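Below you'll find the structure, written out as structure tokens, and then a few comments.
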Amino acid sequence: RFQACVYFASVFQAMSCGIHYLASVFMAVTPNFLCGFPGNVSSILFHNSSASSIQDIWTLWTSTENYVVVQLENGEIWEINQCSRSKREVSLNLAYEYKGNKSEFSCSDGFFYDDTKWKSTVVTQWDLVCDREWLAKLIQPTFMLGVLIGAVIFGDIADRLGRQRVIWFTSAGQFVFGIAVAFTFDYYSFVIVRFLLAMVSSGYLVVAFVYVTEFVGIKARTWASMHVHAFFAMGIMIVALVGFLVRTWWVYQIFLSIATLPFVLCCWMLPETPFWLLSEERYEDAQKVINTMARWNKVNTPCKVSELCSVQQDDPVSGRTGENDTSSTKKHNILDLFCNWQIARRTITVWLIWFTGSLGYYVFSLSSVSLGGNEYLNLFLIGAVELPCYIIACVAMDKLGRRNTLIPFLILSALICVLIMFIPQDFSILIILANMAGKFSIGVAFGLIYLYTAELYPTIVRSLAVGSGSMMCRVGSVVAPFCVYLRSVWIFMPLLLVGIMALLSGILTIMLPETLGKPLTNTLVEATEMGRNKKICSGKTPPAHGGAALEKIEMFGQETVSTEK
């Protein structure tokens, strides 16, 4: 009961992460637009169609290369393009074709936008078009840069100060910065506030994975960790729903941010994880959390921290080195992920999988825009299609193991990339289905790597490992658009690169240890031994500090299940 309450409270906030990650899809959309004209309009001509208002033209607008002929009340005739306008020297009659002299002018009178779908976006708010179009294109990259930095910073802070404090700060930050975005007064303040929002959103998501992993027992760890992604996908579906209902960008942003409020009001009740408290030698605080868990789960004989300490002292593995005496108090950094050859090779492989998963996910996503249709429905389905993906991944991970699931799905995504190259371009439906299959397969690997990373590393650097992996993930998401631009070189170049990366990642994954059914490690020595000896922490050898704690704490949940039955 205790673990379930903590879990659902934590993953509820993951929806807001999905919301803020995808909010710019509709908030920064660029509608049809034309250069403004100096005066009141008396008549408008577009090819063979005439109108009295510029709003009547948008239904006929088909290409950005088109222009509109406008006659003003003073008799002047102007040709209006998207980023320029020209005044005809001879204004005898209103005709679409004109071969006389014209005077070119800049768009000093602003722009006219098509507000059929969106009443207001950040693009229309600050005229981020034409020579300012690059500013609009920087909105999502700067957000992803914030995600990248936040993943590393808050992952490290969570290992130093605890998971609880980071969850408090980042969840409150998502609400405050989310609302603040709606009230920014110019483009630059908008980008800065969204950058801060990206940092706290990324920080929460990274630490939440570690948080729920350290609270949930072995039997439920797979499903619990993977379905954090499911709540993230639900956030994407909420973006589609709110985008359909609200067409003014700042109101849209406020509605999306309100989803964070319920968790902010109750997040202060979440406890620190016993794992982190034990690693910091805060035994009394750890005992209080354990006792609380026991009361909630109606366990009459909770485990004692003194018993866990005695297990650590008697453990032959931890007794072989004096480093363990100071490992819990030592301040760790990213160099600890390369402390020896075993851990360094593991880190390089894990980082490559994170990068490949993100790169492939976004390349396949960008390729799926050819589906057409209603953009709101498309985004909703993109979020919904992830739900069965994670269910299948959970079943496979529990039956086959983490490594044995990751390897075939990475290789399968590589094979699908090759398959798409041989599908004739006329078979559009088959190409779309193949792209969706590729996204599905890379999505399984992408979702699995969060849990797998948390299980591969010990408590003292677990948040740092997940945070640095998420950093590589964001590097992949930044590289993905540039990868898609390579279509101008060769149409299949993006798929070729993704296929090569996926195949290489799948091969290197063979060298990683399997973590299914094994207790979490607490020190770098235990994590190293897990890679060298498959029997370590398998139950035949008494686990060290972290393993003993996990086994004792997990008994609460197991005894509760037995009582309910």
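Numbers in our numbering are just positions in the sequence shown, counted from 1, shifted up by 1.
Beta carbons: idealized from backbone N, C-alpha and C, even for Gly.
As the structure is a computational prediction, the values presented were derived from the model and not from experiment.
- Task: Quick one: residues in its chain with C-beta nearer than 8 angstroms to the C-beta of residue 245, no 5 flanking neighbours on either side, listed in chain order?
- Result: Answer for residue 245: 377, listed in chain order.
- Task: Apply the 10 Å Cβ neighbour rule to residue 327 and answer buried if 16 or more other Cβ atoms are within range, or exposed otherwise.
- Result: With a pLDDT of only 44 at residue 327, under the threshold of 50, the placement of this residue in the model should not be trusted; the figure read from the coordinates follows. Classification of residue 327: exposed, given that the 10 Å Cβ count is below 16.
- Which listed residue (528, 77, 119, 391) has its alpha carbon closest to that of residue 28: If we check each option's Cα against that of residue 28, 119 comes out closest.
- Message: For residue 506, tell me which candidate among 463, 357, 13 has the shortest Cα-Cα distance.
- Response: From the listed residues 463, 357, 13, the smallest Cα separation to residue 506 is found for 357.
- Message: Please identify the residue among 183, 199, 81 whose C-alpha is closest to the C-alpha of residue 22.
- Response: Ranking 183, 199, 81 by Cα distance to residue 22 puts 199 first.
- Item | Close-in-space but distant-in-sequence residues of the same chain around residue 460 (CB under 6 angstroms, 5 per side omitted) | Excluding the 5 residues flanking it on each side, residue 460 has same chain C-beta neighbours closer than 6 angstroms at 276, 280, 523, 547, in chain order.
- Length of the line joining the Cα atoms of residue 493 and residue 440: In a straight line, the C-alpha of residue 493 is about 16 angstroms away from that of residue 440.
- Query: Is it the case that the Cβ atoms of residue 442 and residue 410 are separated by a distance below 9 angstroms?
  - Reply: The answer is yes: Cβ separation under 9 angstroms.
- Task: Decide if residue 168 is buried, meaning its Cβ has at least 16 other Cβ atoms within 10 Å, or exposed.
- Result: Around the Cβ of residue 168, a 10 Å sphere holds 16 or more other Cβ atoms; the residue is buried.
- Task: Determine the DSSP secondary structure at residue 484, reduced to helix, strand or coil.
- Result: Judged by DSSP in its simplified three-state form, residue 484 adopts helix.
- Query: Can you name the residues that DSSP bridges to residue 47?
  - Reply: DSSP, once it has assigned bridges, lists 50 as partnering residue 47.
- Are the C-beta atoms of residue 16 and some chain C residue less than 9 angstroms apart? In the structure shown, chain C does not exist; there is a single protein chain.
- Message: Quick check on the DSSP output: the alpha helix (DSSP H) that includes residue 35 runs from which residue to which?
- Response: Run containing residue 35: none in the alpha helix (DSSP H); it sits in the beta strand (DSSP E), 34–36.
- Query: In terms of residue numbering, what span does the alpha helix (DSSP H) encompassing residue 195 cover?
  - Reply: Unbroken alpha helix (DSSP H) run through residue 195: 188–216.
- Message: Out of 26, 394, 172, which one is the CA nearest neighbour of residue 248?
- Response: Residue 26 is the option with its Cα nearest to residue 248.
- Item | Per-residue DSSP class, three states only, for residue 114 | Note: residue 114 maps to strand in three-state DSSP.
- Query: Based on Cα-Cα distance, which residue from 224, 178, 500 lies nearest to residue 416?
  - Reply: Of the candidates 224, 178, 500, the one whose C-alpha sits nearest the C-alpha of residue 416 is 500.
- Cα-Cα, which of 105, 68, 394, 44 is closest to residue 75? Checking every option, the nearest Cα to that of residue 75 belongs to 44.
- With distances taken Cα to Cα, identify the nearest neighbour of residue 509 among 444, 353, 386, 479. Nearest option by C-alpha distance: 353.
- Query: Assuming residue 224 and residue 187 make a contact with CB atoms under 8 angstroms, what is their CB distance in whole Å?
  - Reply: Not really, about 45 angstroms apart at Cβ, beyond 8 angstroms.
- Query: From what residue to what residue does the beta strand (DSSP E) around residue 72 run?
  - Reply: Unbroken beta strand (DSSP E) run through residue 72: 69–73.
- Item | Buried or exposed (CB count within 10 angstroms, at least 16 for buried), residue 491 | Classified as exposed, residue 491 has fewer than 16 neighbouring CB atoms from the shown chains inside 10 Å of its CB.
- Beta-carbon gap between residue 215 and residue 293 smaller than 9 angstroms: Taking 9 angstroms as the Cβ cut-off, residue 215 and residue 293 do not qualify as a contacting pair.
- Please classify residue 345: is it buried, with 16 or more other beta-carbons within 10 angstroms of its beta-carbon, or exposed? By the Cβ-count criterion, residue 345 is exposed, with fewer than 16 other Cβ atoms from all chains shown falling within 10 Å of its own Cβ.
- Task: Going by CA-CA distance only, name the one from 80, 39, 149 that's closest to residue 102.
- Result: Nearest to residue 102 by C-alpha distance, out of 80, 39, 149, is 80.
- Query: Using the C-alpha atoms, what's the distance from residue 130 back to residue 71?
  - Reply: The straight-line gap from Cα to Cα measures roughly 21 angstroms.
- Taking DSSP as the reference, what is the three-state secondary structure of residue 119? The answer is coil: DSSP assigns residue 119 none of H, G, I, E or B.
- Would you call residue 414 buried or exposed, if buried means 16 or more other Cβ atoms sit within 10 Å of its Cβ? It counts as buried.
- Query: If residue 257 and residue 347 are in contact, beta carbons under 8 angstroms, what's the gap, nearest whole angstrom?
  - Reply: Taking a contact as a CB-CB distance under 8 angstroms, the pair residue 257 and residue 347 does not count as one, their CB atoms being some 38 angstroms apart.
- Run through DSSP, which three-state label would residue 255 get? Residue state, collapsed to three classes: helix.
- Message: Measuring straight from C-alpha to C-alpha, what distance separates residue 177 and residue 268?
- Response: Going from the Cα of residue 177 to the Cα of residue 268 covers about 15 angstroms.
- Query: In angstroms, rounded to a whole number, what distance separates the CA positions of residue 251 and residue 161?
  - Reply: The straight-line gap from Cα to Cα measures roughly 37 angstroms.
- Item | Minimum C-alpha distance to residue 110 - residue among 473, 51, 40 | Comparing Cα positions, the closest option is 40.
- Item | Supposed close pair residue 36, residue 86 - CB separation, criterion 8 angstroms | Indeed, because the Cβ distance is near 5 angstroms, the residues count as touching under 8 angstroms.
- Message: Can you check which of these residues, 487, 144, 398, is closest to residue 451 by C-alpha distance?
- Response: Closest by alpha carbon: 398.
- Message: I believe residue 394 touches residue 448 by the beta-carbon criterion, under 8 angstroms. Please report the beta-carbon distance rounded to the nearest angstrom.
- Response: About 6 angstroms separates the beta carbons of residue 394 and residue 448, which is inside the 8 angstroms limit, making them a contact pair.
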